[in-house]
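Protein chains in written order, with this note's numbering: chain A, 7 to 355; chain B, 2 to 244.
Yeah, the Cβ is synthetic: ideal placement off N, Cα and C, and Gly gets one too.
Computed from a predicted model, the values in this text were never measured in an experiment.
Below you can see the structure in the form of structure tokens.
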């Protein structure tokens, strides 16, 4: 029986997959990964289905030990230092942890959540078709709660095939795109301008249910009580104190505050990755643009497996890395894409 | 002849959902139109629509923008929303047992004092009501009921409680509620039911659906204890009666 033992783990870490859909009408929140691209990329590099259950790792460090066999894993999402028994681990690239070895992960750099996917997945029992942890309602597998030190995950033994890496497109940057509505008519033009023209920060009291925003006070035209209606991931609701809350993956399925705008599907994961205390801005987009971007994002996720490459020999790449450094070629130890050094780079000069 | 139905407002909820809004208030007629549109979409599915969430006054329609766009879906929903609402859709009627007052409903005495009557009279008014499940939301199985007698309408508590028990039967504003899981609430707690409107690994997992009818009846502590044990073992407890 192969196990991945959690020696230590950041708070706000839990098993997440694509989420549980279809029962929002009964009050059941979808949950699921905060950053779907991060989850899908890690799974892809680990050889899994895109939205298989993986470990969503919070902003602090973690250590995992393989027991009873070798375990192959891949890390995507928030960049952070990663090493297995002294060997550097590149992002978006699988690595095999030998029996008894420990994978050590550092603090997230400039983002919040990393995804650690395990080749062959995590053993457990889906609830409503999903492993995703929703601690508030006691759902999730293998534990219906956040992960903690001492937890043991039953996993598959590493396959014998070559390691894989995934060539992700350059990260999208710029303001977080949002479409106005559904209750933008509960706000005056000045309030909407304030939302779009101000700098915002994510409050430290944010969690998987909602991100509280720090910034100017957004005033309602007719008070803050509306009759509850349905919510979506990215609903920007404005409660009585005028400080917006963006509803995240563990949101309630309905809510009673006016929702001034909604973060686009394409930017939801990027928004979820903004660390507490970091400034950002919103930008309003039309429905046509938001939907065009949502289609592009879905297409990127669907075609992720086309971006997979395999690494025939790990040792050879280390040599290439060292050689390239000698030759002055820009190679980053944490960026696997730069490891695929063109043959002539090693022979220049 | 009935007056023609007013068209609903189609509000964009991001790029992957539309809120079909029939009213801005809690409105029984609007809720009937919400549930009618919900049933129509269940009977005549639109490709690309993934799920629907009925509320008191609106229907949230989740969809995949790769399959259908806002304008096309909005037009279809607007057309379907103008179909006449069936006057007598067959609804299920659930009889739900409640232990009132004391440790089961810690606000019963205060509610009676506030409304200038006795706890027994509050219970009598509560069981006399004919309720309809207007929506579920907040946490799994939390059922919001319409049909609360006007003599039981009262503002929510000034200080919401951070934790109220599973199975709580409560009133808040013009609404009555059946709460399944323990959680925060600002409503007035009248009693507790052993019925679990949501139970994992039970068939059905969710007992009540929007549009179902509910009648409450009073049980004593002994019956509550017995039924609670049975519910733990997956019994449904609530009785289904012909409407």
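Query - Same chain, Cβ closer than 8 Å to residue 324 (chain A), five either side skipped, listed in chain order - result: Here residue 324 (chain A) is taken as the residue at index 318 of the first chain, counted from 1. Annotation note: pLDDT 48 at residue 324 (chain A) (below 50); position unreliable, no value reported.
Report task. For residue 211 (chain B), return the contacting residues in chain A, with the cut-off set at a CB-CB distance below 8 Å. Result -> The residue given as residue 211 (chain B) occupies position 210 in the second chain. Under the 8 Å cutoff, chain A gives 31.
Requested in this report: Can you tell me the Cβ-Cβ gap for residue 79 (chain A) and residue 109 (chain A), rounded? I've got them flagged as a contact below 8 Å.
Outcome: Here residue 79 (chain A) refers to the residue found at position 73 when the first chain is read from its first residue. Here residue 109 (chain A) refers to the residue found at position 103 when the first chain is read from its first residue. Correct: roughly 7 Å between the Cβ atoms.
Report task. Would you check if the region 254 to 268 of chain A and the region 25 to 34 of chain A touch, i.e. whether three or more CB-CB distances between them fall below 8 Å? Result -> Flag = yes, the region 25 to 34 of chain A and the region 254 to 268 of chain A touch.
Query raised in the report: Are residue 285 (chain A) and residue 207 (chain A) closer than 7 Å when you measure CB to CB?
Result: Counting from one through the first chain, the residue named residue 285 (chain A) turns up at place 279. Counting from one through the first chain, the residue named residue 207 (chain A) turns up at place 201. Cβ distance < 7 Å, so residue 285 (chain A) and residue 207 (chain A) count as in contact.
Query raised in the report: Does the region 8 to 16 of chain A touch the region 150 to 170 of chain A, meaning 3 or more C-beta pairs lie closer than 8 Å?
Result: With the cut-off at 8 Å, the region 150 to 170 of chain A and the region 8 to 16 of chain A touch.
Query raised in the report: Taking contact to mean at least 3 C-beta pairs separated by less than 8 Å, is the region 198 to 217 of chain A in contact with the region 270 to 290 of chain A?
Result: Short answer: they touch.
Query raised in the report: Taking just the CA atoms, how far does residue 68 (chain B) sit from residue 48 (chain B)?
Result: As a working mapping, residue 48 (chain B) is identified with position 47 in the second chain. As a working mapping, residue 68 (chain B) is identified with position 67 in the second chain. Pairing residue 48 (chain B) with residue 68 (chain B), the inter-Cα distance amounts to about 7 Å.
Query raised in the report: Shortest alpha-carbon distance to residue 189 (chain A) belongs to which of A:243, A:154 and A:177?
Result: Locating residue 189 (chain A) in the first chain gives position 183, where the first residue counts as 1. Closest by alpha carbon: A:243.
Requested in this report: Give the DSSP bridge partners of residue 235 (chain A), in chain order.
Outcome: For this step, residue 235 (chain A) is matched to residue 229 along the first chain. The beta-bridge partner set that DSSP reports for residue 235 (chain A) consists of A:261.
Query raised in the report: Is it right to say residue 302 (chain A) is buried, meaning 16 or more other beta carbons lie within 10 angstroms of its own, or is it exposed?
Result: On the first chain, position 296 is the one that residue 302 (chain A) refers to. When all chains shown are included, residue 302 (chain A) counts as exposed.
Report task. Starting from residue 114 (chain B), follow the alpha helix (DSSP H) in both directions and report where the run begins and ends. Result -> Sequence index remark: in the second chain, residue 114 (chain B) carries index 113 (1-based). Residues 109 to 115.
Query raised in the report: Does any C-beta atom of chain A lie closer than 7 Å to the C-beta of residue 57 (chain B)?
Result: Locating residue 57 (chain B) in the second chain gives position 56, counting from the first residue. A Cβ of chain A is located within less than 7 Å of the beta carbon of residue 57 (chain B).
Query - the region 99 to 133 of chain A: positions lying closer than 8 Å to chain B by Cβ - result: If the cut-off is 8 Å between Cβ atoms, the region 99 to 133 of chain A has 133 near chain B.
Report task. Note down, in chain order, all residues in the region 185 to 199 of chain A with a beta-carbon under 8 Å from any beta-carbon belonging to chain B. Result -> Correct list: 185, 186, 187, 188 and 189.
Query raised in the report: Whose C-beta lies closer than 7 Å to the C-beta of residue 52 (chain A) among residues of the same chain, with five residues either side of it excluded?
Result: Locating residue 52 (chain A) in the first chain gives position 46, counting from the first residue. Excluding residues within five positions, the ones whose Cβ falls inside 7 Å are 78, 79, 80, 100, 123, 124 and 125.
Query raised in the report: Is residue 373 (chain A) helix, strand or coil by DSSP?
Result: The structure shown has nothing for residue 373 (chain A), since chain A only spans 7 to 355.
Requested in this report: For residue 153 (chain B), collect the residues of the same chain with a Cβ closer than 6 Å to its Cβ; drop the 5 residues on either side in sequence, then sort them by chain order.
Outcome: Against the second chain, residue 153 (chain B) aligns to sequence position 152. Only 126 and 172 meet the Cβ criterion.
Query - Between the CA atoms of residue 110 (chain B) and residue 165 (chain B) - distance to the nearest angstrom - result: The residue you call residue 165 (chain B) lines up with position 164 of the second chain. The residue you call residue 110 (chain B) lines up with position 109 of the second chain. Rounded to the nearest angstrom, the two C-alpha atoms are 17 Å apart.
Query - Through-space distance from residue 35 (chain B) to residue 138 (chain B), alpha-carbon basis - result: Residue numbering aside, residue 138 (chain B) sits at position 137 when the second chain is read from its first letter. Residue numbering aside, residue 35 (chain B) sits at position 34 when the second chain is read from its first letter. Taking the straight line from one Cα to the other gives about 15 Å.
Query raised in the report: Does residue 204 (chain B) get closer than 7 Å to chain A when you measure Cβ to Cβ?
Result: As a first step, residue 204 (chain B) is located in the second chain; it is residue number 203 there, counting from the start. Answer no: the Cβ-Cβ gap between residue 204 (chain B) and chain A never drops below 7 Å.
Query raised in the report: Would you call the region 71 to 85 of chain B and the region 12 to 27 of chain B touching, i.e. three or more CB-CB distances under 8 Å?
Result: Because the criterion of three Cβ pairs below 8 Å is met, the region 71 to 85 of chain B and the region 12 to 27 of chain B touch.
Requested in this report: Tell me whether the beta-carbon of residue 201 (chain A) lies closer than 7 Å to the beta-carbon of residue 128 (chain A).
Outcome: Taking the first residue of the first chain as 1, we reach residue 201 (chain A) at position 195. Taking the first residue of the first chain as 1, we reach residue 128 (chain A) at position 122. No; because the gap between Cβ atoms is not below 7 Å, this pair is not in contact.
Requested in this report: Taking 7 Å as the cut-off, decide whether the C-beta atoms of residue 191 (chain B) and residue 220 (chain B) are in contact.
Outcome: For the purposes of this step, residue 191 (chain B) is taken as residue 190 along the second chain, with counting starting at 1. For the purposes of this step, residue 220 (chain B) is taken as residue 219 along the second chain, with counting starting at 1. Taking 7 Å as the cut-off, the Cβ atoms of residue 191 (chain B) and residue 220 (chain B) do not count as close.
**Report entry** C-alpha distance - residue 113 (chain B) paired with residue 105 (chain B), whole-angstrom precision
**Finding:** As a working note, residue 113 (chain B) is residue 112 in the second chain. As a working note, residue 105 (chain B) is residue 104 in the second chain. Residue 113 (chain B) and residue 105 (chain B) have their C-alpha atoms roughly 15 Å apart.
Query raised in the report: Using a C-beta to C-beta distance shorter than 7 Å, which residues of chain B count as neighbours of residue 217 (chain A)?
Result: Here residue 217 (chain A) refers to the residue found at position 211 of the first chain. Residues of chain B passing the Cβ test: none, with the nearest at roughly 15 Å.
Query raised in the report: Taking Cβ positions only, does residue 151 (chain B) come closer than 7 Å to chain A?
Result: Numbered from its first residue, the second chain carries residue 151 (chain B) at position 150. Not a single C-beta of chain A is nearer than 7 Å to the C-beta of residue 151 (chain B).
Requested in this report: Could you tell me which of B:174, B:82, B:196 and B:6 sits nearest to residue 100 (chain B), measuring between CA atoms?
Outcome: Taking the first residue of the second chain as position 1, residue 100 (chain B) is located at position 99. With distances taken between Cα atoms, residue 100 (chain B) lies closest to B:196.
Query raised in the report: Which value, in whole angstroms, describes the spacing of the CA atoms of residue 92 (chain B) and residue 27 (chain B)?
Result: To locate residue 92 (chain B), count along the second chain from 1; it is residue 91. To locate residue 27 (chain B), count along the second chain from 1; it is residue 26. Spanning the two alpha carbons is a distance of roughly 20 Å.
Report task. Flag this pair as touching only if the region 48 to 58 of chain B and the region 21 to 30 of chain A have three or more C-beta atom pairs under 8 Å; answer yes or no. Result -> The region 48 to 58 of chain B vs the region 21 to 30 of chain A: in contact.
Query raised in the report: Is any beta-carbon of chain A found at less than 7 Å from that of residue 45 (chain B)?
Result: Start at 1 with the first residue of the second chain, and residue 45 (chain B) comes out as number 44. Residue 45 (chain B) is outside the set of residues whose beta carbon lies under 7 Å from a beta carbon in chain A.
Query raised in the report: At least one CB of chain B closer than 7 Å to the CB of residue 260 (chain A): is that the case?
Result: Numbered from 1 along the first chain, position 254 holds the residue referred to as residue 260 (chain A). Taking CB atoms only, residue 260 (chain A) has a neighbour in chain B less than 7 Å away.
Query raised in the report: With which residues is residue 160 (chain A) paired in a DSSP beta bridge?
Result: Start at 1 with the first residue of the first chain, and residue 160 (chain A) comes out as number 154. Paired residue(s): A:9.
Query raised in the report: How about residue 192 (chain A) and residue 227 (chain A): are their beta carbons less than 7 Å apart?
Result: Translated into positions along the first chain, residue 192 (chain A) becomes position 186. Translated into positions along the first chain, residue 227 (chain A) becomes position 221. Between residue 192 (chain A) and residue 227 (chain A), the gap from beta carbon to beta carbon is short of 7 Å.
Query - Terminal residues of the alpha helix (DSSP H) in which residue 228 (chain B) lies - result: Counting from one through the second chain, the residue named residue 228 (chain B) turns up at place 227. Start and end: 222 to 233.
Query raised in the report: What are the residues of the region 15 to 36 of chain B that lie near chain C, defined by any Cβ-Cβ distance shorter than 9 Å?
Result: Protein chains A and B are contained in the structure displayed, whereas chain C is not.
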